[in-house]
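Colleague:
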DNA sequence: CATCAAACTCGACAAAAGTCAAGGAATGCG
DNA sequence: CGCATTCCTTGACTTTTGTCGAGTTTGATG
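Residue numbers (this note's numbering), protein chains in the order written: chain A, 75 to 301; chain B, 75 to 301.
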């Protein structure tokens, strides 16, 4: 598989291009730029003016806001098949967040001009972009609600329920308690305290790389409460 | 001025229709529904499936998340010339927030079908929608940062700077300290404390319906800090 | 103009979250 | 395999924010 095939594969995994015909996808693939990042490397910083659209082929990243004293708020985790920096493409503004690789990562960049031309040629693409942005709005509103109106324990319960499959949450290496704490708007110590509390009440079992939900209904009650 | 002229006037005040020709605006105006709300009335509740696009002709509203114990987080205030419920139009989902009138309000509703048809006929509209949604994403990211990484006092300082004109912030009747506290993610008592603190340091002067910035640089330092 | 409800003020106290320090466990690297 | 680094755990203490109760001021209404 050469670079172009690799790019085509990455692009076709993404809803943005679902309705774009194969010949055009191939042409766009020829205009993309492949980039690799190691664990911990910054893709771009908040405040810069990065305008390309990014596609994740491999690896996980985090979009974060940082405070002067070193705290982080993870806005979201970004994995394979996902697109990021739509804001940078469509709005003339600085990037609202910093994006950092959580593990070795392969990205494909599509230049802004290419995307904007594509938007003109494929009105259906606009529909997809609108829907993805609307999804981002909804996710951020939920986060605002969490941060403002709910306790850490309640946020954790909700997160465990949302992210679990068959009542289990696998934690890849990069998904440390520190990252999870940053996602929930707190610090590792407080997260650990909340995990302990839920475990003590037999709602979950905590292992290093896995959290098991023992009492789904009990956990849902915690998630639904503001306490 | 009859109802149709009134609707046309409301629509032409909105960026969504800036590039739509006058005849079509007039036609859309003919399909809009006029609604009035009194102070405190709910336009729609979080969890409902309201799909129309709303235009504000007159009056102010707030979009809020509410907690079971009665706390509110104001997501944003919506005033004349603004559009809301784009999410409801473009995504098949329940409304993420409750919208309530803060004072007597006149709205115009555009049915979903009309908007979606317009989107097909006017690709430039998609660009506008995308840009407005992107703006909402940016605003919500800033709110997440406030709630997670900054103290109440720092949030207040930032808010005062952003919302003031010529170093003054007028507070209309509906903009009580309670509403402002809900916007900043806290309770009126804590907001009052923060106002007092800034006033004690001669950074601002607080009157019932106006806040004057006395030391812009000092306030900016507070806004830029995480303390 | 008088009354009443809403808004604001303020201090005491409580709760939630953050900081710090120390020790133990797990993982990665040479 | 041993060592160093990272991650996790835990309790004590501190800070920030929220709750409560009482009193004062303002603005709307009849």
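For glycine and all other residues, C-beta sits at the position ideal for the given N, C-alpha and C.
1. For the alpha helix (DSSP H) holding residue 219(B), just list the boundary residues, first then last.
2. Of the residues that make up the stretch 200–220 of chain A, which ones have a beta carbon closer than 8 Å to any beta carbon in chain B?
3. Along the stretch 156–188 of chain B, what residues have a CB closer than 8 Å to any CB found in chain A?
4. Could you tell me if residue 234(B) is buried or exposed, where buried requires 16 or more neighbouring beta carbons within 10 angstroms of its beta carbon?
5. Under a three-way DSSP split, which group does residue 115(B) fall into?
6. Three or more C-beta pairs under 8 Å: does that hold for the stretch 230–244 of chain A against the stretch 284–293 of chain A?
7. Taking C-beta to C-beta, are residue 268(B) and residue 294(B) nearer than 8 Å?
8. Buried or exposed, going by whether 16 or more other CB atoms sit within 10 Å of the CB of residue 170(A)?
9. Any chance you could list the beta strand (DSSP E) runs of at least 3 consecutive residues sitting entirely within the stretch 145–176 of chain B, in chain order?
10. First and last residue of the beta strand (DSSP E) that includes residue 279(A)?
11. So if I threshold CB-CB distances at 8 Å, which residues from the stretch 249–263 of chain A count as touching chain B?
12. Would you list the residues sitting across from residue 273(B) in a DSSP beta bridge?
13. Residue 254(A) lies in the alpha helix (DSSP H); which residues open and close that run?
14. Short check: CB of residue 277(A) to CB of residue 230(A), under 8 Å?
15. How would you write the range of the alpha helix (DSSP H) that residue 97(B) sits in, first residue to last?
16. Taking residue 233(B) as part of the alpha helix (DSSP H), name the residues at either end of that continuous run.
17. Since residue 139(B) contacts residue 215(A) with CB under 8 Å, what's their CB separation in whole angstroms?
18. Pull the bridge partners of residue 137(B) from the DSSP assignment, please.
19. Residue 107(A) to residue 237(A), Cα distance in whole Å?
Modeller: Short version:
1. Taking the second chain and counting its residues from 1, the one referred to as residue 219(B) is at position 145. 197–223 is the span of the alpha helix (DSSP H), which, as asked, contains residue 219(B).
2. 200, 201, 203, 204, 205, 207, 208, 209, 210, 211, 212, 214, 215, 216, 217, 218, 219
3. 160, 161, 164, 165, 167, 170, 171
4. As a first step, residue 234(B) is located in the second chain; it is residue number 160 there, counting from the start. The residue in question, residue 234(B), is buried, as its Cβ has 16 or more Cβ neighbours within 10 Å.
5. Here the question's residue 115(B) lines up with position 41 in the second chain. Residue 115(B): coil per DSSP, three-state reduction.
6. yes
7. Within the second chain, residue 268(B) is the residue found at index 194, counting from 1. Within the second chain, residue 294(B) is the residue found at index 220, counting from 1. Result no, Cβ atoms of residue 268(B) and residue 294(B) do not sit closer than 8 Å.
8. Here residue 170(A) corresponds to residue number 96 of the first chain, with the count starting at 1. With 16 or more other Cβ atoms within 10 Å, it is buried.
9. 146–152, 172–175
10. Taking the first chain and counting its residues from 1, the one referred to as residue 279(A) is at position 205. That run of the beta strand (DSSP E) goes 278–281.
11. 259
12. Walking along the second chain from the start, residue 273(B) turns up at place 199. Answer is none; residue 273(B) lacks a bridge partner.
13. Stepping through the first chain from its first residue, residue 254(A) is reached at position 180. Counting along the chain, the alpha helix (DSSP H) containing residue 254(A) begins and ends at 251–258.
14. One-based indexing of the first chain puts residue 277(A) at position 203. One-based indexing of the first chain puts residue 230(A) at position 156. It is not a contact, given that the beta carbons lie outside the stated cut-off.
15. Position 23 of the second chain holds residue 97(B). Segment 96–103, the alpha helix (DSSP H) holding residue 97(B).
16. Here residue 233(B) is taken as the residue at index 159 of the second chain, counted from 1. 226–237 is the extent of the alpha helix (DSSP H) around residue 233(B).
17. Residue mapping note: residue 139(B) aligns to position 65 of the second chain, counting from 1. Residue mapping note: residue 215(A) aligns to position 141 of the first chain, counting from 1. So it is a contact: roughly 7 Å between Cβ atoms.
18. Residue numbering aside, residue 137(B) sits at position 63 when the second chain is read from its first letter. BP columns for residue 137(B) point to 150(B), 173(B).
19. As a position in the first chain, residue 107(A) is number 33, starting the count at 1. As a position in the first chain, residue 237(A) is number 163, starting the count at 1. For residue 107(A) and residue 237(A), the distance between alpha carbons rounds to 32 Å.
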